[in-house]
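K.L.:
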Amino acid sequence: MSLTDTTLKQKYPAKAHARRVAKYLTDRGLPRDGVIYLEAQKTVMVEDDDQAMHFRQRRYFFYLSGCKLPDAYVTYNIPQDILTLFIPPIDPESVIWAGLPESKDEALQRYDVDNVLYSNEVNAALAAYGPSASTTVYAIPEQISEHITFLPFAQTEFASLKTAIDECRVVKDSYEVALIRKANEISTLAHIEAAKVTLTASNEQEIYGAFIGTCISNGAHEQAYHSICASGTSCSTLHYIRNDQPLRQRLNILLDAGAEYECYCADITRTFPVNGSFTAESQTIYNIVDEMQSSCFKMLKANVRWEDVHENAHWVAIRGLKSAGILVGDEQEIFDKRISVAFMPHGLGHYLGMDTHDTGGHAQYDDEDTMFKYLRVRGNVPAGAVITVEPGIYFCNFILDPVLEDPELGKYIDKQVLERYWAVGGVRIEDDVHITENGYENLTDTPKL
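Here the sequence shown is numbered in the working numbering, starting from 970 and rising by one per residue.
1) Determine the direct distance from the alpha carbon of I1398 to that of D1259, and round the result to whole angstroms.
2) Could you tell me the alpha carbon to alpha carbon distance between I1117 and E1359, rounded to whole angstroms?
3) Rounded to whole angstroms, how far is the Cβ of E1191 from the Cβ of E1229, which I believe are closer than 8 Å?
4) Quick one: what's got a C-beta closer than 6 Å to F1024's C-beta in the same chain, skipping five residues either side?
5) Going by DSSP, what residues sit across from T1413 in a beta bridge?
6) Thinking C-alpha only, which one of E1377, Y1029, A1282 is nearest G1298?
7) Give the secondary structure of G1289 by DSSP, where H, G and I count as helix, E and B as strand, and everything else as coil.
8) Let me check one thing: in DSSP terms, what residues is T1240 bridge-paired to?
9) Three or more C-beta pairs closer than 8 Å, one from the stretch 1095 to 1106 and one from the stretch 1055 to 1064: is that the case here?
10) What span of residues does the beta strand (DSSP E) with F1055 cover, start to end?
11) Less than 8 Å separating the beta-carbons of Y1080 and L1269?
12) On a CA-only basis, which of T1167, M1014, A1352 is nearest V1273? Give me that one, please.
13) Please return the same chain residues whose Cβ sits closer than 8 Å to the Cβ of S1171, not counting the five positions on each side in sequence.
14) Taking 8 Å as the cut-off, decide whether the C-beta atoms of G1329 and H1319 are in contact.
15) Name the DSSP bridge partner or partners of S1200?
16) I need the straight-line Cα distance from E1419 to H986, nearest angstrom please.
17) At which residue ranges does the stretch 1095 to 1150 contain complete beta strand (DSSP E) runs of 3 or more residues, listed in the order of the chain?
18) Let me confirm a value: L1327 is counted as buried when at least 16 other C-beta atoms fall within 10 Å, else exposed. Which label applies?
19) Any idea what DSSP makes of V990, helix, strand or coil?
20) Between which two residues does the alpha helix (DSSP H) carrying G1395 extend?
21) Give the straight-line distance between the Cα atoms of W1391 and C1365, rounded to the nearest whole angstrom.
22) On the criterion of 16 or more Cβ atoms from any shown chain inside 10 Å, does T1012 qualify as buried, or is it exposed?
23) Judging by CA-CA distance, which residue of A1147, K984, S1196, Y1042 is the nearest neighbour of A1354?
24) Could you tell me which residues DSSP puts in a beta bridge with P1215?
25) Assuming G1361 is part of the beta strand (DSSP E), what are its boundary residues?
26) Flag this pair as yes or no: are the beta carbons of I1362 and I1257 separated by less than 8 Å?
27) Would you kindly work out how many angstroms separate the C-alpha atoms of W1066 and Q1026, rounded to a whole number?
28) Determine which residues share a DSSP beta bridge with T1420 and list them.
29) With C-beta atoms as the reference, is F1180 less than 8 Å away from L1224?
30) Please identify the residue among T1104, R989, K1384, D1383 whose C-alpha is closest to the C-alpha of D1135.
31) Quick check on this structure: which residue in A1096, S1129, C1137, D1414 has the alpha carbon closest to the alpha carbon of F1119?
32) Roughly how many angstroms lie between the CA atoms of S1034 and Q1124, to the nearest whole one?
Right, dumping it as structure tokens:
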């Protein structure tokens, strides 16, 4: 058994997460005599049907419970250090259709909690928590059911809990890293199978289907996000969603796809030729992007400033595109005028965890500097964070045409050379890395060309 699988035999560390969140709150002067309250996602029925909609657990609830059941609740009594999970009671009519649900005893054995009660006991439990005039309840306002009352509490504090959990989620513990590594292991198997299928496929959907099927057959029944399986010039569309176009006369596949395993995500991108061999132009761009990623890896360690790593990717891109003859002129001017942003308009990466674009990145989408506008992580990256490193170069008319038509900007691009590269579409390479004190651990073992 691998170290990852051994780690995952243990319970999800919900109690440690609850303590971490409570410490975040109290360290900022908020009352310690309080209770944290969170709700699971509700069962929602499909409109005009008797089937439930696809269920996705609320990440804030899961972080303090490790429980994927719908219609559940969790409370954490901060001064008493007691974590209580409330699960739906047994409904005899539902048992006929869906089988026996998890019992209280089974839940207590499975989850890292101190008590398990039924969900119809939650208001009574809250009333017992709040007889003291000094007791505060922490909750997320948009995630409180109408029937829940906090009347016994002296005060409700709804402004801080979401931020506290967002910030705590940035630094992963060893169990969380193991979950992300497991999601990567399954995703790698799926990427390998998708690449094999490409050699005989006639449509993007065959590759897409191979990825999804391999994930499911290896224990990952959910996807971290909607897979991007783009071919040809569609590779220049950053969040392409069709995944159904014929491959005939198209050069490359860009497959950006990752499994979700026990609510934790992988996010992996590989670009490869449809027929097994890159054209000279595709190989040139692939090599530049590969060097962009390798160069950025060398900078990674605790507290690295993410803007610096992002800028480094652009410098490598500028030098590579200039060597290819696509860019011309002074490199510093090209950088200062943000010409390279037309070729890589997105940020270098984002935090990864229970969400693909995980919390705590402090993006500044109102930044007027186009180089940083879509950078999803700003500032220093702490040890323990998991972040994607996903440089890319794209040939998108909608982005490049305004640059080409501007005399002051277009002079830095050789239009005749550029003409040879439109068919490449785009190249992106993406790995998931765990930041350590003195470097990084690459959690993605997916083969590259």
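Where a beta carbon is used, it is the ideal one built from N, C-alpha and C, also for glycine.
P.N.:
On the basis of the supplied data:
1) Position 290 of the sequence shown holds residue 1259. Position 429 of the sequence shown holds residue 1398. Roughly 7 Å separates the two Cα atoms.
2) Along the sequence shown, one-based indexing puts residue 1117 at 148. Along the sequence shown, one-based indexing puts residue 1359 at 390. Our two residues, I1117 and E1359, have alpha carbons roughly 43 Å apart in a direct line.
3) Position 222 of the sequence shown holds residue 1191. Position 260 of the sequence shown holds residue 1229. In this structure E1191 touches E1229 by the C-beta definition: roughly 4 Å separates them, less than 8 Å.
4) Numbered from its first residue, the sequence shown carries residue 1024 at position 55. Around F1024: P1039.
5) Residue mapping note: residue 1413 aligns to position 444 of the sequence shown, counting from 1. None; T1413 has no bridge partner.
6) Here residue 1298 is taken as the residue at index 329 of the sequence shown, counted from 1. Among E1377, Y1029, A1282, the Cα nearest to that of G1298 belongs to E1377.
7) As a first step, residue 1289 must be located in the sequence shown, where it is residue number 320. Residue state, collapsed to three classes: helix.
8) For this step, residue 1240 is matched to residue 271 along the sequence shown. Its beta-bridge partners are L1223.
9) Counting Cβ pairs under 8 Å, fewer than three are found: no touch.
10) Here the question's residue 1055 lines up with position 86 in the sequence shown. Per DSSP, F1055 belongs to the beta strand (DSSP E) from 1051 to 1056.
11) Sequence index remark: in the sequence shown, residue 1080 carries index 111 (1-based). Sequence index remark: in the sequence shown, residue 1269 carries index 300 (1-based). Taking 8 Å as the cut-off, the beta carbon of Y1080 is found no closer than this to the beta carbon of L1269.
12) Here residue 1273 corresponds to residue number 304 of the sequence shown, with the count starting at 1. Out of T1167, M1014, A1352, A1352 has the C-alpha closest to the C-alpha of V1273.
13) By one-based count along the sequence shown, residue 1171 stands at place 202. So the list reads P1215, L1216, R1217, once near-sequence residues are dropped.
14) The residue you call residue 1329 lines up with position 360 of the sequence shown. The residue you call residue 1319 lines up with position 350 of the sequence shown. Taking a C-beta distance under 8 Å as the contact criterion, G1329 and H1319 do not qualify as a contact pair.
15) Taking the first residue of the sequence shown as 1, we reach residue 1200 at position 231. I1222.
16) Past the boundaries of the shown model lies residue 1419; the chain is included only from 970 to 1418, so the question cannot be answered.
17) Runs found: 1105 to 1107, 1124 to 1126.
18) Working through the sequence shown from its first residue, we reach residue 1327 at position 358. In the sequence as presented, Leu is not what sits at residue 1327; that position holds Asp. When all chains shown are included, D1327 counts as buried.
19) Your numbering for residue 990 matches position 21 in the sequence shown. V990 falls in the helix class under three-state DSSP.
20) What you label residue 1395 is simply residue 426 of the sequence shown in a count that begins at 1. For G1395, there is no enclosing alpha helix (DSSP H); the residue is found in the beta strand (DSSP E) stretching over 1395 to 1397.
21) Position 422 of the sequence shown, counted from the start, is the residue given in the question as residue 1391. Position 396 of the sequence shown, counted from the start, is the residue given in the question as residue 1365. Distance between the alpha carbons of W1391 and C1365 is about 8 Å.
22) The residue you call residue 1012 lines up with position 43 of the sequence shown. By the neighbour-count rule (16 or more Cβ atoms within 10 Å), T1012 is not buried but exposed.
23) Within the sequence shown, numbered from 1, the residue matching residue 1354 stands at position 385. The candidate whose alpha carbon is nearest that of A1354 is A1147.
24) Indexing the sequence shown from 1 puts residue 1215 at position 246. Per DSSP, N1172.
25) Counted from its first residue, the sequence shown places residue 1361 at position 392. Residues 1361 to 1363.
26) Numbered from 1 along the sequence shown, position 393 holds the residue referred to as residue 1362. Numbered from 1 along the sequence shown, position 288 holds the residue referred to as residue 1257. Yes; because the gap between Cβ atoms is below 8 Å, this pair is in contact.
27) Taking the first residue of the sequence shown as 1, we reach residue 1066 at position 97. Taking the first residue of the sequence shown as 1, we reach residue 1026 at position 57. Straight across, the Cα-Cα distance linking W1066 with Q1026 is about 22 Å.
28) Outside the displayed span of the chain (970 to 1418) sits residue 1420, for which this structure offers no information.
29) Taking the first residue of the sequence shown as position 1, residue 1180 is located at position 211. Taking the first residue of the sequence shown as position 1, residue 1224 is located at position 255. Yes, the Cβ-Cβ distance between F1180 and L1224 is below 8 Å.
30) In the sequence shown, the residue the question calls residue 1135 occupies position 166. Per the Cα distances, R989.
31) Locating residue 1119 in the sequence shown gives position 150, counting from the first residue. Ranked by Cα distance from F1119, the first of A1096, S1129, C1137, D1414 is A1096.
32) By one-based count along the sequence shown, residue 1034 stands at place 65. By one-based count along the sequence shown, residue 1124 stands at place 155. Their backbone Cα atoms lie some 24 Å apart in a straight line.
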